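*Asks:* Its first residue numbered 70, the sequence shown is counted upward by one per residue in this note's numbering.
Here a beta-carbon is modelled for each residue, glycine too, at the ideal position from N, C-alpha and C.
Quick caveat: nothing in here was measured; it's all calculated off a predicted structure.
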Amino acid sequence: MQTESQIEFIESLPKLLNGKKIIVGVCGSVAIYKTLEVIRILQKLGASVRVVMSASAQEFIKPLLFEAISHFQVLTQESQSWGSNPCNHIELANFGDVFLIAPTSANTLNKLANGISDNVLLESFLAFDKTKILAPAANTKMLENPATQESLSILQKRGVQIVLPECKELACGVVGNGALANPLEIVFCTLRALLQTPFWEQCEVCVSGGGSREALDSVRYLSNFSSGKMGASLALAAYCLGAKVCFVSSQIPYPLPLGIEIQRVESSNEFLESILKWQNHKPTPKKQSFLFMSAAMSDYVPIQKVRGKLKKQEIGKVWNLQLQENKDILASLEKKQKTIGFKLESSALETSVQNAQNALKAKNLDAVCLNTITDSSNPLESQHNQIFWIRDSFKVDLGFSDKFSLSFKILQEAQNL
C-alpha cells in the first residue's frame, strides 16, 4: 500500500517519459501484484508499456489483467505470432527503450547470467540490446546462495542494472532480504536510466531544502512555512539526470530514491555543518560540483535556548522573545562549487529582480532562483512555483509549473554556468 505522501507525489508527476517505450517482464512471484503499480506509475509519467510473462507468472495473474492495464497484447509462450501483425520476442525486443523485469526470480537470474533462453521472456531479454534493469524477488537463502550472487555479479559486469530487494517479512514468513523493491524505487531507477545525460553523470550536487528550526526550548521552535518540496524535487531531478546527489533538509516531503544521500537536519547550524561536510569531502576526480540552496533559513534566532519545557506560568501572559540576527550561511560558505541561491519575494517583479541581483553580487553567487509569491495562485507549501532564473545582466522566466518540471528547467540553466 502506498502512503498518503506517496500517492500525492505520484499524482503530481509530470509526463517526463512521453514517447518512451518500456518492456516489462514478469516472473512467477507473490510480489507480482507490485508490478501492476509499477506499470501504472510509468504510464502516469507518459511511457508506453508492453508486458511479457513467463509461464509461472501466469499461475499468479492472467495476461488479461496486464492487457487491461497496458492496453497492449501481452506476449506469452502461447501468444507468439509471426504473421502480418507479429507479436513475438524479436518484435518486442525492437519495441523498447528499456527492458525491466520485475519481479525477477532466482531461476530467471541464474538463467540470464548463463545466456539460457528456454522461454519467451528469456528470449526477449536476450534479443534486447539497450538498457536492462532487473528487480529481484526471492527467498533470502535462494537470493544469497553463492550461485545467485555470482549471477548477479556477472549481470552487473555486463551492464545490467539491479534494483536491490528490501529486507522485510517475506511470503514464507521469514524476515530477511529478498522482498521486491518498492514500486517507486523501481520507477526511480527506470527514470534515471532513461533521462541521465553525459553532463550530469559527471556532476556532484548538494541541495538544501525545508526551513530551519531554531529551538526556543526542548519542545518549541522558531521556523517558517517552507515545505521542502522545491528542494526534494530538485534533488530528485538531479538524480534522474545522473548526478551524485546529497539532500540536506529539515523535511522530506516526498519519497526519494535510495541512491540519494539524505542528511536530516534541524537548525541553521546543522544545515551549515552538513553542507561544509559535503564541501570538504574528497571529490570524485573530474566531477563538477553544484550547490543549490533552496532551504529557507531563519533570519533571526533565539539569543538563548532554554533546557526543558518552559511553563506558561514562567512565561506569563506576554512572551518577550529575544532574537538576534542569524548568520548568513550562503555568504559564509567558501566558493568551492557553482552556487545557486533561492530568494523568496512578494514585492513587484521589478523590485524583486533587483533584490535578487543584489543578493547575487553580495553573496558571490553564480545564479539566483527568484520565487515570486505575489498572489494566491502561488502559495507557500503548494505543488507549484513561479521561478525566474537571475544572472548579472539578464533574467529567464521559467514559468509557473509543478516543482518537479521546474527543477529540470533550473538544471538546464545551471548546465550553462
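On a CA-only basis, which of Val276, Ile92, Leu310, Thr104 is nearest Asn157? Give me that one, please.
*Replies:* That would be Ile92, whose Cα lies nearest to the Cα of Asn157.
*Asks:* Which of helix, strand or coil does DSSP assign to Val288?
*Replies:* The answer is coil: DSSP assigns Val288 none of H, G, I, E or B.
*Asks:* What residue from Gln393, Leu105, Trp151, Leu212 has the CA that sits closest to Pro132's CA?
*Replies:* Nearest of Gln393, Leu105, Trp151, Leu212 to Pro132, Cα basis: Leu105.
*Asks:* State buried or exposed for Leu390, treating a residue as buried only when at least 16 other CB atoms are found within 10 Å of its CB.
*Replies:* Leu390 comes out exposed.
*Asks:* Please state the DSSP three-state secondary structure of Val422.
*Replies:* If DSSP states are grouped into helix, strand and coil, Val422 belongs with the helices.
*Asks:* For the putative contact between Gly115 and Asn154, defined by C-beta atoms under 8 Å, what is the C-beta separation to the nearest angstrom?
*Replies:* About 25 Å separates the two Cβ atoms, so there is no contact after all.
*Asks:* With a threshold of 8 Å, are at least 3 pairs of Cβ atoms found where one atom belongs to the segment 306 to 317 and the other to the segment 380 to 400?
*Replies:* Counting Cβ pairs under 8 Å, fewer than three are found: no touch.
*Asks:* Measuring straight from C-alpha to C-alpha, what distance separates Gln426 and Ile344?
*Replies:* Near 24 Å, if we compare the C-alpha coordinates of Ile344 and Gln426.
*Asks:* Could you pull the start and end residues of the beta strand (DSSP E) that Cys309 belongs to?
*Replies:* Element bounds for Cys309: not the beta strand (DSSP E) but the alpha helix (DSSP H), 298 to 309.
*Asks:* Is the separation between the beta-carbon of Val99 and that of Val120 shorter than 9 Å?
*Replies:* No, the Cβ-Cβ distance between Val99 and Val120 is not below 9 Å.
*Asks:* Taking Ser117 as part of the alpha helix (DSSP H), name the residues at either end of that continuous run.
*Replies:* Here Ser117 belongs to no alpha helix (DSSP H); instead the beta strand (DSSP E) covers 117 to 122.
*Asks:* Using a Cβ-Cβ cutoff of less than 6 Å, which residues in the same chain neighbour Lys407 once the five nearest sequence positions on both sides are dropped?
*Replies:* Phe359, Asp435, Leu486, listed in sequence order.
*Asks:* So, helix, strand or coil for Cys241, using DSSP?
*Replies:* Coil.
*Asks:* Any chance you could list the beta strand (DSSP E) runs of at least 3 consecutive residues sitting entirely within the segment 358 to 392, in chain order?
*Replies:* Listed in chain order, they are 369 to 371.
*Asks:* Spatial neighbours of Met299 within its chain, please: C-beta separation below 7 Å, excluding the five flanking residues on both sides.
*Replies:* Here the set comprises Gly278, Ser363, Asn454, Lys472.
*Asks:* Tell me, please, whether the segment 177 to 184 touches the segment 215 to 222 by the rule of three or more beta-carbon pairs shorter than 8 Å.
*Replies:* Yes, the segment 177 to 184 touches the segment 215 to 222.
*Asks:* If I'm right that Phe469 touches Val422 with Cβ under 8 Å, what's the distance once you round it to whole angstroms?
*Replies:* Not quite, the Cβ-Cβ distance comes to about 16 Å (not below 8 Å), so this is no contact.
*Asks:* DSSP on Lys356, reduced to helix/strand/coil?
*Replies:* In the structure shown, Lys356 sits in coil (DSSP, three-state: anything other than H, G, I, E or B).
*Asks:* Counting C-beta neighbours from all protein chains within 10 Å, is the total for Val375 16 or more, i.e. buried, or is it exposed?
*Replies:* That one is exposed.
*Asks:* Return the Cβ separation of Val370 and Ser319 in integer angstroms, given the expectation that the two are a contact with Cβ distance under 8 Å.
*Replies:* In fact, because the Cβ distance is near 14 Å, the residues do not count as touching under 8 Å.
*Asks:* Tell me whether Cys96 sits in a helix, a strand or coil according to DSSP, three-state version.
*Replies:* Coil.
*Asks:* For Cys275, count neighbouring C-beta atoms within 10 Å of its own C-beta (all shown protein chains included) and say buried if the count is 16 or more, exposed if not.
*Replies:* Counting Cβ neighbours within 10 Å, Cys275 comes out buried, since at least 16 surround it.
*Asks:* Roughly how many whole angstroms lie between the Cα atoms of Pro267 and Lys201?
*Replies:* When rounded, the distance between both Cα atoms is 18 Å.
*Asks:* Taking only runs that begin and end inside the segment 397 to 441, name each unbroken beta strand (DSSP E) of 3 or more residues, in chain order.
*Replies:* Whole beta strand (DSSP E) segments, 3+ residues: 407 to 414, 436 to 441.
*Asks:* Is the beta carbon of Pro322 less than 9 Å from the beta carbon of Gly297?
*Replies:* Yes, the pair counts as a contact, with Cβ atoms nearer than the cut-off.
*Asks:* Assess, as a yes-or-no matter, whether the segment 195 to 214 is touched by the segment 169 to 179 under the definition of 3 or more beta carbon pairs within less than 8 Å.
*Replies:* Judged by Cβ distances under 8 Å, the segment 169 to 179 makes contact with the segment 195 to 214, as three or more pairs qualify.
*Asks:* Who are the Cβ neighbours of Gly165 in its own chain at under 8 Å, not counting the five residues just before and after it?
*Replies:* Around Gly165: Lys90, Ile91, Ile92, Arg119, Phe197, Lys199.
*Asks:* Going by DSSP, which residues form a beta bridge with Phe469?
*Replies:* According to DSSP, Phe469 bridges with Gln455.
*Asks:* So Leu144 packs on Val189, CB below 8 Å; how close in whole Å?
*Replies:* So it is a contact: roughly 6 Å between Cβ atoms.
*Asks:* For the segment 303 to 312 against the segment 247 to 261, are there 3 or more C-beta pairs whose distance is under 8 Å?
*Replies:* Yes: at least three Cβ pairs fall under 8 Å.
*Asks:* Could you name the residues that DSSP lists as bridge partners for Gln332?
*Replies:* According to DSSP, Gln332 bridges with Val317.
*Asks:* Using a 10 Å radius around the Cβ and a threshold of 16 neighbouring Cβ atoms, would you call Ile45 buried or exposed?
*Replies:* Here the chain has residues from 70 to 486 only, and residue 45 is not among them.
*Asks:* Considering only C-alpha positions, which residue in the set Phe194, Phe135, Ser174, Leu178 is nearest to Ile159?
*Replies:* Considering only alpha carbons, the answer is Phe194.
*Asks:* Please name the residue in Ala175, Asn440, Val243 whose C-alpha comes closest to that of Asp466.
*Replies:* The candidate whose alpha carbon is nearest that of Asp466 is Asn440.
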